[in-house]
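In this note's numbering, the protein residues as written are 886 to 1165.
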């Protein structure tokens, strides 16, 4: 992965604040992240606002429905349109989830885990390499939350993710909240887990909120980032030692823009404390 100027804490380009983002270039957001599935082929005012931001500001792209770990063939028409979109966006990479989201042409509208087996890892590596060959920019894969293992595994999650990232030779979109949530649900130390991982492959990070539902902690993207997750972000940035971009995800219960910007600024302070301000 090439070094990029993307740095600091950005926001997702979501509909409630899309008009404000398009009309006000002085919001102080260093970059935006958008899901191509939500924009390719669309029209209307939200599409025009999004494209205005995309044509003006730094933008990263993040896919939701590619089903990298599945067996369905790629949609050739969508891949063609995606490639054009990535070039227009000027994104330095495109990220997808290390999971499956479709079976036999039916989209499941969820990010479902792969079994932690050597065959599943080899399959994900083959799919990632094939997808990379079809994209005009480098590929990065994101670690997901999961709430029950998908059958007996031959390795743990950390070893599985490492094998896929190294075998496919792709970047890592490290979701800090996903690590924290999995740590709570499966009883491991998130710092020890991260210390065992190939942090040199991290090109971007996500951070978000979660909530407790019964005995499970669930990744909701619908609450503020709690202090332990922000502290884990700080610790991880210090270990990485590079100014990788961090995306604050908020996909439900989206607050007023002023509140969201204040949360972004608080996380930016954590970022700067970990790595030093840009002007230092």
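Note that CB positions come from ideal geometry on N, CA and C, so glycine has one too. Since we're looking at a predicted model, the values are computed, not measured.
Check the Cβ-Cβ distances between residue 1084 and every residue of chain D, and say whether any is below 8 angstroms. Among the chains of the structure shown, chain D does not appear; only one protein chain is present.
Between which two residues does the beta strand (DSSP E) containing residue 896 stretch? Annotation for residue 896: the continuous beta strand (DSSP E) segment containing it runs 894-897.
Rounded separation between residue 1103 and residue 1134 - CA only: About 14 angstroms.
Among 897, 955, 931, 959, which has the Cα closest to the Cα of residue 1169? Outside the shown range of the chain (886 to 1165) lies residue 1169, about which nothing can therefore be said.
Can you name the residues that DSSP bridges to residue 945? Partner(s): 918.
Applying the 10 Å Cβ sphere with the 16-neighbour rule, what's the burial state of residue 1128? Label assigned to residue 1128: buried.
Name the DSSP beta bridge partners of residue 1056, please? Residue pairing by DSSP places residue 1056 opposite 1025 in a beta bridge.
When 938, 1097, 956 are compared against residue 911, the one with the closest alpha-carbon: Checked all of 938, 1097, 956; the closest Cα to residue 911 is 938.
Which ranges would you report for the alpha helix (DSSP H) in the region 1027-1111 if only whole runs of at least 4 residues count? Correct list: 1042-1053, 1061-1071, 1075-1080.
Using C-beta distances below 6 angstroms, list every residue in its chain close to residue 931, excluding the 5 sequence neighbours before and after it, in chain order. So the list reads 900, 903, once near-sequence residues are dropped.
Backbone CA spacing between residue 1029 and residue 960 [nearest angstrom]: Taking the straight line from one Cα to the other gives about 23 angstroms.
Return the residue from the list 1137, 1053, 1113, 1109 that minimises the CA-CA distance to residue 1147. Out of 1137, 1053, 1113, 1109, 1109 has the C-alpha closest to the C-alpha of residue 1147.
Of the listed residues 1158, 1161, 1160, 1143, nearest to residue 914 (C-alpha basis): Measuring from the Cα of residue 914, the nearest candidate turns out to be 1143.
Who are the Cβ neighbours of residue 1034 in its own chain at under 8 angstroms, not counting the five residues just before and after it? Answer for residue 1034: 998, 1000, 1001, listed in chain order.
What would DSSP say about residue 1153, mapped onto helix, strand or coil? If DSSP states are grouped into helix, strand and coil, residue 1153 belongs with the helices.
Bridge-paired residues (DSSP) for residue 902: None, per the DSSP bridge assignment.
Thinking residue 964 and residue 981 are a contact (beta carbons under 8 angstroms), I'd like their distance in whole angstroms, please. Between residue 964 and residue 981 a beta carbon distance of about 12 angstroms is seen, past the 8 angstroms cut, so the two are scored as non-contacting.
By Cβ distance below 7 angstroms, which residues in the same chain neighbour residue 1045 in space, the five residues on each side in sequence not counted? If we look at residue 1045 and ignore the five residues flanking it on each side, its Cβ neighbours are 1001, 1006.
As assigned by DSSP and simplified to three states, the class of residue 924: Here residue 924 sits in coil by DSSP.
Just to confirm, are residue 1092 and residue 1118 a CB contact at a threshold of 8 angstroms? Cβ distance < 8 angstroms, so residue 1092 and residue 1118 count as in contact.
Please confirm whether residue 979 and residue 955 have their CB atoms less than 8 angstroms apart. No, Cβ-Cβ distance for residue 979 and residue 955 is not below 8 angstroms.
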